[in-house]
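Residue numbers (the numbering used here), protein chains in the order written: chain A, 1 to 40; chain B, 1001 to 1531; chain C, 2001 to 2404. Inspection log for the structure reproduced underneath, given as structure tokens.
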Amino acid sequence: MAPAFSDADLARRRNAARRLGWLLGAAVLALYLIGLFIKR
Amino acid sequence: MSTATTHAAEHPAEHYPGGLMRWLTTTNHKDIGTMYLTFSLIMFFVGGLMILAVRAELFQPGLQLMRPEFFNQLIGVHALVMIFAALMPAATGFANWMLPLMIGAPDMALPRLNNWGFWLLPPAAILLTLPFTLALFGIGDGALATGWTFYAPLSVQGGMGVDFAILAVHILGISSIMGSINIIVTIFNMRAPGMTMMKLPLFAWGWLITAFLLIATLPVLAGAVTMLLTDRHFGTHFFDAAGGGDPILFQHLFWFFGHPEVYILLLPVWGLMPHVLSTFSRKPAYGYTAQVYSFIAIGLLSVVVWAHHFFTAGMPIPALVYFMFSTMAISIPLAVLFFCWIATMWKGAMTFETPMLFAVGFIVLFGIAGLTGLILADVAADAQYHHSYFVVAHFHYALFAGGIMGVMTGVYYWLPKWTGHMYSEKLGKLHFWLTVFSFNLTFIPQFFLGLAGMPRRIPDYALQFAEFNAISTLGAFVLGLSQLLFAWNIWCCVRGGPKVESRVWEGAEGLEWELSSPPPHHSWETQPTVK
Amino acid sequence: MARTPHHSLAGRQSRVYACACRTGRLALAPALLLPTVASAAYSFNFPEPVTPIARETLHIHNEFMLIITILFVVVFAIMIYSMIKHRKSIGHQPAKFVGPTGALQWFWALIPFAILLFIDFVLMGIPAVQAIINMEDTKTKADMVLKVTGMQWKWQYEYPVSGLKFISTLSTPRDQIANAEAKGEHYLLEVDKPVVLPVGKKVRILLTSTDVIHTWWVPQFGVKRDAIPGFLRETWVLIEKPGIYRGQCAELCGKDHGFMPVVVHAVPEPEYLAWLEAQKAEAKTAAGGADRTWSKDELVAEGKAVYEKVCAACHQPDGKGLPPAFPALAGSKVVNAPLLDMNGKVIKDSHVDRVLHGKAGTAMQAFSASLSDVELAAVITYERNSFGNQMGDMIQPAQIKSLR
């Protein structure tokens, strides 16, 4: 039986996941910081 | 970081540490899921005890048990505990346990982030409730006493409980955001070959939309409470009219988060429903595509309707009309979901095990929440309902009958898969009937109290409200006590019970049912086949 | 003094419309399962409406309740039918369909949503928009203005044209709240000085607050609007029927949120005008009091009354407060310090300063706007000579007047 993902495939997927994760985290931080400069 | 993470996941540490260290350091999605669910159950009882104290005070007119200040602390902390520490972690626990099994992934994409996300929760819960304890020793004046909404300027005026709550909300928010990021990247990157987005289980779709909503709205809440903190301690005037600020700005910011939060709590449950209904109707889920698009539509609409939470604060007529109609528009995708749920049951071969009972109970009672929500959107009628017990009853139909009973559906549905044992059907059914009966006994009277004019968040009330309050308190205590059956049933099931097959339920479909019950410590050593 | 109860209205006390009982015609279906005990206190629907807005709101509410009850019954009748007919135990074989196929099925699947769209945006939407326009029209043909100011935890009413201004606070005795004596008929819904309005006149109501957000609500008027510090909000009422109408603050505003009722006496116009004249005369007498010299005993007696009405909710009748949120006055450093500086001016953070201008960021509000010179002088003098404080000094109303 073949393993779920090959080692190389799994590493590639995890790297992609980590990059997207950082991107989303940066978006959150940006949203938070921009909000603090709200002026009416 | 990457090598270590990849390494740990690829070559699982079979000799993980024992005892407490196992749980502190685990990166296994099942362990973390279990911790989330356990934490959630404990906090469910903590929040429940708080509200039972409140209901006891409201049993009769007059002040019997507590001062109004303490009453105000209990109602606000009850809400924060139930929302942030009971419901949200329960949903995250489900996601941790089930998503990798459902999409054929070996684990969550970012296992160490997962661990951190969980371990932020206990300190936050302690921060939230610590002021109660400190007050016993004469330090400070107790917990947050503003209700969970933190409305300025009341929260600017409040004691140090507000600061503790602000800090706790920040930490809980960070934890949820980390959980959401992990879920999004897991769904995007870790699906088994052949599982396209439109073959994704609906539970995963529901959670995906929830995760995006959390990422879009939690920073706004964090920003709002940070501004509150600086208003309180550093002389800013974001919410102080005397300094050029605006108290209503806080309400806008809070509800920009607060309304999507309702769907954040409900979308995972809506995602779960078609699985349960299809299993026990022995018939595939109806309208998969329609449900996916409804989730997306509700997600998008939820961030543009926030101001219906404060119509009485006064706003221009075009704004009132816009927020009314956009809110009513949510009823369309929501009706699509109801249609699909009932159509899934239609012409099936139904049996009514405990999860199915909870699912049907959920649909009926959540229907009441949806329908009362529709009329609450009407600005004129809202002028009477708003800030009254009518609203309290409405959102408990949404969040208890919708949220918590949905979570209970999931627990009964998946508990045999998690433990490998069957729970007691007899106790489960008893728990269901007691919960439904006492829930309605608690909250139907509150609809009438609201219509008759009883404002919410008052520790004492006029005599014409006495009878309904007494009935409601009675219901609340039965409701609280019947949850002990739930905990007992889970406890017994974890400890032992009849062994179950990998496909626990006759009609269950999906990858998660192909793994043994309980699943091996490391899921999917072999490639799953996606049909 | 402004606190004197208004006796000409006492005869109306028996005509109470506050909790008129209406068994809801269109109450939620499950309500019918509850025992229908015949008690005048029960109510399954809104109380009797007495303004055009409240009537419209009740009508809309009843109509919506009917609509959602029908939706509820129809949808769940279909579900329950299915649950009975499509069970495994009676040998029903599961179908395999996963969505509508063919034009006819699509048609039937889309019908419910067409109906829902119609209900949302036509059946409910059109009357709702009309009601909004009506509710927000505060200015057209308004006969008079009433200004309502929310304060922790009382309401101030002001008639701008006649310059009349007074505070209305809960009059339910503390012993009733503490269960030490039997509760009266209007427990928690009674005040020392109700606001009086003429019937048949359109009253434009302006709302604001001095501290936190409050919400002015009288259910029988169908009106609920927030009072926001630093902002002015408005609404209107046209009361059609004389009577006493009771409501409460509806927005959590701190400790005594549950103890700041609204009581409105609606009377025919002549009676209203007579009341207004009497109040103005009284206010004039009271203002005259500010110019004469008061004895210490007079001030202490008057101050005790003011203290119990205005200050005791936080600082407690015995002056011990509820620390740390509400500090004690007994032995307080602020109270037991010099009254004024050598030039007769206010010292910063002194007793007089604190009472007149409040303390920012706490529940201690500025009382210079809401209390009269006499009341301020009296309450300060009282606090300095009570609860074990023995300052022995006093401040005259005339001195307060010159400090403003």
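Where a beta carbon is used, it is the ideal one built from N, C-alpha and C, also for glycine.
Inset, instruction - Identify the contact partners of Ala27 (chain A) in chain B, using a Cβ-Cβ distance below 8 angstroms as the criterion. - result: Ile1215
Legend entry - Sheet register partners of Cys2249 (chain C) (DSSP bridge): C:Trp2216
Inset, instruction - Could you confirm whether any beta carbon from chain B is found closer than 8 angstroms to the beta carbon of Leu2028 (chain C)? - result: Residue confidence is low: Leu2028 (chain C) scores 41 on pLDDT, short of 50, so the model does not pin down where it sits. Its coordinate-derived value is still stated next. Yes, Leu2028 (chain C) lies at the interface with chain B (some Cβ there is under 8 angstroms from its Cβ).
Legend entry - Sequence-distant residues of the same chain with beta carbon closer than 7 angstroms to Leu1218 (chain B), five excluded per side: Leaving aside the five residues that flank Leu1218 (chain B) on each side, the residues in its chain whose CB is nearer than 7 angstroms to its CB run, in chain order, Gly1173, Ser1176, Ile1177 and Phe1257.
Inset, instruction - Just confirm the distance between the C-beta atoms of Gly1428 (chain B) and Thr1354 (chain B), as a whole number of angstroms; I'd bet it's less than 8 angstroms. - result: 3 angstroms
Inset, instruction - Return the residues of the segment 1221-1234 of chain B that lie within a Cβ-Cβ distance of less than 9 angstroms from chain A, sorted by chain order. - result: Ala1222, Gly1223, Ala1224, Thr1226, Met1227 and Thr1230
Legend entry - Of the listed residues B:Ala1211, B:Ser1278, B:Phe1238 and B:Phe1310, nearest to Ile1264 (chain B) (C-alpha basis): Among B:Ala1211, B:Ser1278, B:Phe1238 and B:Phe1310, the Cα nearest to that of Ile1264 (chain B) is on B:Ala1211.
Legend entry - Bridge partners - Ile2167 (chain C), DSSP secondary structure assignment: C:Gln2156
Legend entry - Per-residue DSSP class, three states only, for Ile2347 (chain C): coil
Legend entry - Under 8 angstroms between C-beta atoms of Ala1380 (chain B) and Ile2060 (chain C): yes
Inset, instruction - List the residues of chain A whose Cβ lies closer than 8 angstroms to the Cβ of Ala1109 (chain B), in chain order. - result: Arg13, Arg14, Ala17, Arg18 and Gly21
Inset, instruction - Verify the CB distance criterion: does Ser2082 (chain C) have a CB-CB separation below 8 angstroms to chain B? - result: yes
Legend entry - Nearest to Asp2175 (chain C) (by Cα), restricted to the options B:Leu1063, B:Leu1277, B:Pro1106 and B:Glu1501: B:Leu1063
Inset, instruction - Report buried or exposed for Gln2130 (chain C), applying the criterion of at least 16 other Cβ atoms within 10 angstroms of its Cβ. - result: exposed
Inset, instruction - For Leu1371 (chain B), go through chain C and note every residue whose CB falls closer than 7 angstroms to its CB, in chain order. - result: Ile2068, Leu2071 and Phe2072
Inset, instruction - Can you grab the Cα-Cα spacing for the pair Arg27 (chain A) / Leu1221 (chain B), in whole Å? - result: The amino acid occupying residue 27 (chain A) in the given sequence is Ala; Arg does not appear at that position. Taking the straight line joining both Cα atoms gives about 15 angstroms.
Legend entry - Alpha carbon of Ala1335 (chain B) to alpha carbon of Leu36 (chain A), nearest angstrom: 38 angstroms
Inset, instruction - Under 6 angstroms Cβ to Cβ from Ala1313 (chain B), same chain only, skipping five residues before and after it: list those, please. - result: Contacts found: Ile1248.
Legend entry - Residue of B:Thr1027, B:Thr1529 and B:Trp1414 minimising C-alpha distance to Leu1272 (chain B): B:Trp1414
Inset, instruction - Note the first and the last residue of the continuous beta strand (DSSP E) segment covering Ile1209 (chain B). - result: Unbroken run through Ile1209 (chain B) is the alpha helix (DSSP H), Leu1202 to His1233; no beta strand (DSSP E).
Inset, instruction - Classify Phe1439 (chain B) as buried or exposed, calling it buried when 16 or more other Cβ atoms lie within 10 Å of its own Cβ. - result: buried
Inset, instruction - Return the residues of the segment 1176-1189 of chain B that lie within a Cβ-Cβ distance of less than 9 angstroms from chain A, sorted by chain order. - result: Ile1177, Met1178, Ser1180, Ile1181, Asn1182, Ile1184, Val1185, Thr1186, Phe1188 and Asn1189
Legend entry - Three-way DSSP call (helix, strand, coil) for His1431 (chain B) in this model: helix
Legend entry - For Thr2036 (chain C), the three-state DSSP class (helix, strand or coil): Confidence at Thr2036 (chain C) is low in this model, with a pLDDT of 37, below 50, so the placement of that residue is unreliable and no value is reported for it.
Inset, instruction - Note down the Cα distance separating His1233 (chain B) from Met1160 (chain B), rounded to an integer number of angstroms. - result: 11 angstroms
Legend entry - Option in B:Leu1121, B:Ser1294, B:Trp1513 and B:Met1324 with minimal Cα separation from Gly1420 (chain B): B:Trp1513
Inset, instruction - Verify the CB distance criterion: does Leu2117 (chain C) have a CB-CB separation below 8 angstroms to chain B? - result: yes
Inset, instruction - Rounded to whole angstroms, what's the CA-CA distance from Leu1024 (chain B) to Phe1477 (chain B)? Just pull it up for me. - result: 36 angstroms
Legend entry - Residue range of the alpha helix (DSSP H) that includes Thr1419 (chain B): Met1405 to Thr1419
Inset, instruction - Report all residues from its chain with a CB closer than 6 angstroms to the CB of Gly1507 (chain B); omit the five preceding and five following residues, and keep chain order. - result: The beta carbon of Gly1507 (chain B) lies closer than 6 angstroms to those of Thr1279 and Arg1282 in the same chain, with the five residues before and after it left out.
Inset, instruction - Identify the continuous beta strand (DSSP E) that holds Ser2209 (chain C) and give its terminal residues. - result: Lys2202 to Ser2209
Inset, instruction - Using a Cβ-Cβ cut-off of 8 angstroms, state whether Pro1017 (chain B) counts as contacting chain A. - result: Under the Cβ distance rule, Pro1017 (chain B) does not count among the residues neighbouring chain A, no pair being separated by less than 8 angstroms.
Legend entry - Residue from B:Met1082, B:Leu1320, B:Gly1019 and B:Pro1123 whose Cα sits closest to the Cα of His963 (chain B): No statement about residue 963 (chain B) is possible, as the shown extent of chain B runs from 1001 to 1531 and does not include it.
Inset, instruction - Inspect the CB distances between the segment 2262-2272 of chain C and the segment 2188-2202 of chain C and report whether three or more fall short of 8 angstroms. - result: yes
Legend entry - Distance, Val2098 (chain C) Cα to Thr1344 (chain B) Cα: 8 angstroms
Inset, instruction - Since I believe Cys2311 (chain C) is in contact with Leu1154 (chain B) (beta carbons under 8 angstroms), could you give me their beta-carbon distance rounded to a whole number of angstroms? - result: No, Leu1154 (chain B) and Cys2311 (chain C) are not in contact; Cβ-Cβ is about 20 angstroms, not under 8 angstroms.
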